[in-house]
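What follows is a short report on a single structure.
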Amino acid sequence: MKHVISVTVENKPGVLARISSMFARRGFNIHSLTVGPTEDPRLSRMTVVVDGPEMEQIVKQLYKLVHTVKVTELDPTETVEREIMLVRVNAEAARRGELLDAANLFAAKVVDVGASTVTFEVAGEPSALNDFLELMRTYGITSLVKSGRIAMAKDLKTTTKRSRLRTA
Amino acid sequence: MAETLTGAQALIRALEHAGVDVVFGVPGGAILPAYDPILDSPIRHVLARHEQGAGHMASGYAHATGKVGVCVATSGPGATNLITPLQDAYMDSVPVVAITGQVATKAIGMDAFQEAHTWGISMPCTKHNYLVTRVDELPDVIAEAFHLAGTGRPGPVLVDIPKDILNATIPWHRPGEIDLPGYKPSVKGHPKQVKAAVELIHRSRRPVLYAGGGIIKAGASEALRHFAEQANVPVVTTLMARGAIPDSHPLALGMPGMHGNYTAITAMQRSDLLITIGARFDDRVTGDVTTFAPDAQVIHVDVDPAEIGKVREANVPIVGDARTVLEQLIETMASLLDGTEPPDREPWFSQLAAWQQEHPLTYHQDPDGPIQQQYVIEQLHRLTGGDAIIVAGVGQHQMWASQFWGFERPRTWINSGGLGTMGYAVPAAIGAKVGMPDETVFAIDGDGCFQMTSQELITAAIDGIPVKIAVMNNTSLGMVRQWQKLFYGERYSAVDLTDHTPDYVKLAEAMGCVGLRAETPAEVVPTLEKALAINDRPVVVEFKCDPEAMVFPMIPAGGSNDHVVLGPEDLT
Ligand SMILES: Cc1ncc(C[n+]2csc(CCOP(=O)(O)OP(=O)(O)O)c2C)c(N)n1
Ligand SMILES: [Mg+2]
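Chains A and B are the protein sequences, given in the same order.
So the first sequence is numbered by this note's numbering: it starts at 339 and just counts up by one.
So the second sequence is numbered by this note's numbering: it starts at 823 and just counts up by one.
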C-alpha cells in the first residue's frame, strides 16, 4: 500500500540528505520524493510516496529530525495529486496520425519531434499518466522521465467558511 | 563597539558561554587555529592519545556529571576516529558535543589533504550535526549544539568548522535566542494519559516498573523511588538504569535481560502491566519479542515519541520527560485514588520473593582455584562500601559488574550499553574522574577491551587523573569464547589472548601508572586495599581470572524470556 506524506522542512543545506539518509538507515522504502520551495522562503516542502506498513514510525522518525517542521499523511480522497512526465515513443510516419489522436485524448503536448520519434509532455493525476503509458506501450516507449508526485490536501474548509460568511 | 574576534576565539568564547569547563581532544592542521585561544581560556584541555579516547572521555564525563561532554578533533582522520564514540553516545543518549576542524571552504570537495566528508559520515550517528558555512553564525551554532545535545532525548551533536572560518573575524555577539521551529521536545505528559496510567496501575495485580536509562538522564531517581513506594510496584533496572533505584531497596529486583537475574526477567514475563519509563524494549531486554511479557499491558513514558510503539505497542503512551511525568503520576495518584483500596498484590510479592529465594545470583570462589571475577567485584564493593563510580568495558566482566555490584546512587555506573563498544572503560573512566574528582572511579575492564584503548593510561598519568583500573585477565575474549563454548561445540576461534603478553604491570608502569597484580584469591583483598590507598596516580590492577567461567543466567540470542538458562546444564 502506497502512502503520500507531505513534509515541511526548514530550507537548510543538506536537509534532503538528512531525510533520505534516515529512510535508508531505518530501512523504509521511498517510492518517489520531490522537493521544492514553498510560499515561505524559510521552508521547503517534500512530497514523499512510501511503500510499506510502518507509517507511524516513518512519521515519528521524520519529526525527530531537527529540521522537520510538519509531517502530514495525506488522505488520498481529500488530496490533489499531480505528476508530470516526458515520454518518447516510436512514431513511424505511417502511424503518426493515429498516435497524435491518442495523445489528444490525454491532453498530451508534443514537445519534440524526431525523425522516427515523438516526445510528449503529460501532466495530471498519477493514474492518468499510467493509463497514457499503457497506451503508448503499443507504439514502443524509448525513453521516460517522471517528476515524482506532488500533493496538497484539499481545502475542505472553504465551503463552510464561505457559508459562514454568507450567514453572518 | 563590538569586540572583533577570530572564528577560533569566538568558538572558545561560545564554549565558555555554554558553561564548558573541560574539553578532551587531539589537535591537528585544520583545527589548529582553535588551539591557540584555548591557551588563554579557563577551559581545561585534556590531551587524549587517540580521538576515540577523547570521545569516550567526553561521554564518561557526561554520564558522571549530567553535563554536556565536549571533544575536539581535527579534520579527516581526527574526525573519523570520533565516529565510534559518537555512535556510542547516540545509542545510549549521552549528551556530547564534538567540534571538528575541516579543510578550508574552497578546498571542500577537492580531495584536499586530510579532507573527509565529516558532515555526511557523522549524520546517522548524531542527533544533529552542522557544517559551519559563515563565521558570523558560529556563536549561534555552538549555542544550538549544546541546546540540542542536552535537552529532550540527549545525544551527540557534531559541529564541523572549516579552517578559513576559524581564521576569519567577526564582531563578537552573544548567541541569540535559540530558533528551532522543528524542535520542541515535550516535557509534561498529557494529563488525560497520566490519569489513564494511574487507573491502569491501580487495577494491576502484577505490575512491574521497567526503568531505563532515561530515568538517570532525566534526574528522575528520587521521583522513581517515591512513585514506586507510593504505588507499591517492584522495579527492574536495565543495564543503562543501574543505580536508578538503590539495589538495597525492598522494591528493587535488579537487572532484566540477556544476563539479568531470574526474578527480574520472570517478573516482566509474568507481569500484567509494564510501567515503562525511559526504556526502549531493546532486544537484549525482550529476547524474542513475540513471546515477551505476553499478558502485560504497557504504559510507555518516553521523551522521544518514536520509541513509543517502535517495538511494543503501548496501551497508554505518554510523551514527556521522565521526571516530570513521574511527578505528575505521583500527584495524580495521590489525588485520584485517595481512599480507594489497591488490589491485593500480596500473592505477586510473595511470588517474587519465592523466585528470589529459588534463583539468586550465585558463584563459588574456591580458595585454591582461580580467581572468580564476581569475588573481586564483591570484595571491592565491601572495601569501598559501594561508594565509587564503576565503569565497565564490554563482555563478561561488564555483565558480572552489573550483576554483582550493589548500586545505591544514579550516575555511579557507566558503561556502553547500546553499542557495546570494547575499549570504552579506560577513557570513560578518565572522563568521569575529570568531572567528579572527589569520587573513587574504578574501571572494571576485560583484558581484550583494555588492549583497545590502554594508550589513554598516559593521558591519565600525565594529566593527573588518578583513576583505578581492574584488568580482569581471563586470557581471552571471554564473552565470545563463552558463545563458542556453548553454541559452537567448544571450537575456539580467535578468542585466545595470552596470560603473559602484555605484562600488564610493566605496561602500567611504562605508561606512568602504578601496576599491581593478584594471582590467587588470597591476594585479591590485599591488592585491592593497596590500589585503594593510592590516590595520587592512576593504578592498574591485573587479576588473573578463571578463563572457563561463564556468565549466567543467560537468554541465548533470539530466545524466549520464558526459558532462562541458569547454567550450562540447562542447554543440553
Ligand atoms: C569494538 C568491538 N569489537 C568487537 C566486539 C565483540 N565482542 C564483544 S565482547 C568481546 C570480548 C571482550 O573481551 P574482554 O575485554 O577480554 O572481556 P571478557 O568477555 O573476557 O570479560 C568481543 C570481542 C565488541 N563488542 N566491540
Ligand atoms: Mg577477557
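Heads up, the beta-carbon is just placed ideally off N, CA and C, and yes, glycines get one too.
- Put residue 1109 (chain B) into one of helix, strand or coil per three-state DSSP. In the three-state scheme derived from DSSP, where H, G and I count as helix and E and B as strand, residue 1109 (chain B) is classed as coil.
- Have a look at residue 1143 (chain B) and residue 1015 (chain B) and give me their C-alpha separation to the nearest angstrom. C-alpha separation (whole angstroms): 14 Å.
- Message: Between which two residues does the beta strand (DSSP E) holding residue 408 (chain A) run?
- Response: 406-412 is the span of the beta strand (DSSP E), which, as asked, contains residue 408 (chain A).
- Please confirm if residue 913 (chain B) has its CB atom under 7 Å from at least one CB of chain A. So, not an interface residue.
- Message: Please give me, in chain order, every unbroken run of the beta strand (DSSP E) with length at least 3 that falls completely inside the region 967-1028 of chain B.
- Response: Counting only runs of 3 or more, we get 978-984, 991-993.
- Message: Quick check on residue 1200 (chain B) - is its C-beta less than 7 Å from some C-beta in chain A?
- Response: For residue 1200 (chain B), no CB of chain A lies under 7 Å from its own CB, so it is not counted at the interface with that chain.
- For residue 954 (chain B), which beta-bridge partners are listed by DSSP? Partner(s): none; residue 954 (chain B) has no beta bridge.
- Taking 7 Å as the CB-CB limit, is residue 1029 (chain B) close to chain A? With 7 Å as the cut-off, residue 1029 (chain B) does not count as an interface residue toward chain A.
- Task: Since I believe residue 455 (chain A) is in contact with residue 476 (chain A) (beta carbons under 8 Å), could you give me their beta-carbon distance rounded to a whole number of angstroms?
- Result: A Cβ-Cβ separation of about 15 Å leaves residue 476 (chain A) out of contact with residue 455 (chain A) under the 8 Å criterion.
- Query: Hey, is residue 385 (chain A)'s beta-carbon within less than 7 Å of any beta-carbon in chain B?
  - Reply: Against chain B, the CB of residue 385 (chain A) has no partner CB under 7 Å away; the residue lies outside that interface.
- So, does the CB of residue 1127 (chain B) fall closer than 7 Å to a CB anywhere in chain A? Between residue 1127 (chain B) and chain A, the shortest Cβ-Cβ separation is below 7 Å.
- In the DSSP assignment, what residue or residues form a beta bridge with residue 484 (chain A)? DSSP links residue 484 (chain A) through a beta bridge to A:423.
- Message: When you compare the CB positions of residue 1295 (chain B) and residue 1352 (chain B), do they come within less than 7 Å of one another, or not?
- Response: The criterion of a C-beta distance shorter than 7 Å is not satisfied by residue 1295 (chain B) and residue 1352 (chain B).
- Query: Is there a Cβ from chain A that is less than 7 Å from the Cβ of residue 950 (chain B)?
  - Reply: Chain A contact via Cβ: present.
- Hey, out of B:1158, B:1299, B:982, B:1002, whose CA is closest to residue 1320 (chain B)'s CA? Nearest C-alpha to residue 1320 (chain B) among B:1158, B:1299, B:982, B:1002: B:1299.
- Task: Return the CA-CA distance between residue 340 (chain A) and residue 372 (chain A), expressed in angstroms with no decimal places.
- Result: Between residue 340 (chain A) and residue 372 (chain A), the C-alpha separation is close to 15 Å.
- Query: Can you find a CB in chain B that lies within less than 7 Å of the CB of residue 359 (chain A)?
  - Reply: Yes, residue 359 (chain A) counts as interfacial toward chain B.
- Message: At a CB distance below 9 Å, what residues from the region 400-421 of chain A approach chain B? Give them in sequence order.
- Response: Along the region 400-421 of chain A, going in chain order, the ones with a CB nearer than 9 Å to a CB of chain B are 401, 402, 403, 404, 405, 406, 407, 408.
- Item | Buried versus exposed, by CB contacts within 10 Å (16 or more), residue 544 (chain A) | In the structure displayed, chain A extends from 339 to 506; residue 544 (chain A) sits before or after that span and is not available.
- Message: So that I know if they touch, is there some Cβ in chain B lying closer than 7 Å to that of residue 340 (chain A)?
- Response: For residue 340 (chain A), no Cβ of chain B is located within less than 7 Å of the residue's own Cβ.
- Task: Give a single yes or no on whether residue 1219 (chain B) has its beta carbon closer than 6 Å to a heavy atom of ligand 1.
- Result: Checking the 6 Å criterion, the Cβ of residue 1219 (chain B) is within range of a heavy atom belonging to ligand 1.
- Message: Under DSSP, the alpha helix (DSSP H) around residue 873 (chain B) begins and ends at which residues?
- Response: Counting along the chain, the alpha helix (DSSP H) containing residue 873 (chain B) begins and ends at 873-887.
- Query: Should residue 401 (chain A) go down as buried or exposed, given a rule of 16 or more other Cβ atoms within 10 Å for buried?
  - Reply: That one is buried.
- In whole angstroms, what separates the C-alpha of residue 1383 (chain B) from that of residue 1018 (chain B)? Their backbone Cα atoms lie some 28 Å apart in a straight line.
- Task: Return yes when the C-beta of residue 1269 (chain B) is under 6 Å from any heavy atom of ligand 1, and no when it is not.
- Result: Yes, since a heavy atom of ligand 1 falls inside the 6 Å radius drawn around the Cβ of residue 1269 (chain B).
- Beta carbon of residue 1299 (chain B): closer than 6 Å to some heavy atom of ligand 1? Answer for residue 1299 (chain B): yes, Cβ within range of ligand 1.
- Message: Less than 6 Å separating the Cβ of residue 1296 (chain B) from some heavy atom of ligand 3?
- Response: The model on display carries ligand 1 and ligand 2 but not ligand 3.
- Task: Please compile the residues from chain B whose C-beta is within a distance smaller than 9 Å of the C-beta of residue 433 (chain A).
- Result: Neighbours of residue 433 (chain A) on chain B: none; closest Cβ ~49 Å, over 9 Å.
- List, in order along the chain, the chain A residues whose C-beta lies closer than 8 Å to that of residue 1005 (chain B)? Per Cβ cutoff of 8 Å: 404.
- Task: Check the DSSP bridge columns for residue 866 (chain B) and list the partner residues they point to.
- Result: B:844.
- Message: Measuring only the C-alpha atoms, how far is residue 880 (chain B) from residue 865 (chain B)?
- Response: For residue 880 (chain B) and residue 865 (chain B), the distance between alpha carbons rounds to 14 Å.
- Query: Quick one: what's residue 1264 (chain B) bridged to in DSSP?
  - Reply: In the DSSP output, where bridge partners are listed per residue, residue 1264 (chain B) has B:1212, B:1290.
- Task: Kindly confirm or deny that the region 1269-1281 of chain B and the region 1317-1335 of chain B touch, where touching means at least three C-beta pairs closer than 8 Å.
- Result: Contact between the region 1269-1281 of chain B and the region 1317-1335 of chain B is present: 3 or more CB-CB pairs across the two stretches fall below 8 Å.
- Message: Between B:870, B:1314, B:951, which has its C-alpha nearest residue 850 (chain B)'s C-alpha?
- Response: The shortest Cα separation from residue 850 (chain B) among B:870, B:1314, B:951 belongs to B:870.
- CA nearest to the CA of residue 370 (chain A), picked from A:378, A:360, A:386: Between residue 370 (chain A) and the set A:378, A:360, A:386, the nearest pair of CA atoms involves A:386.
- By how many angstroms is the C-alpha of residue 1118 (chain B) removed from the C-alpha of residue 1091 (chain B)? Looking at the two C-alpha atoms, the distance is approximately 8 Å.
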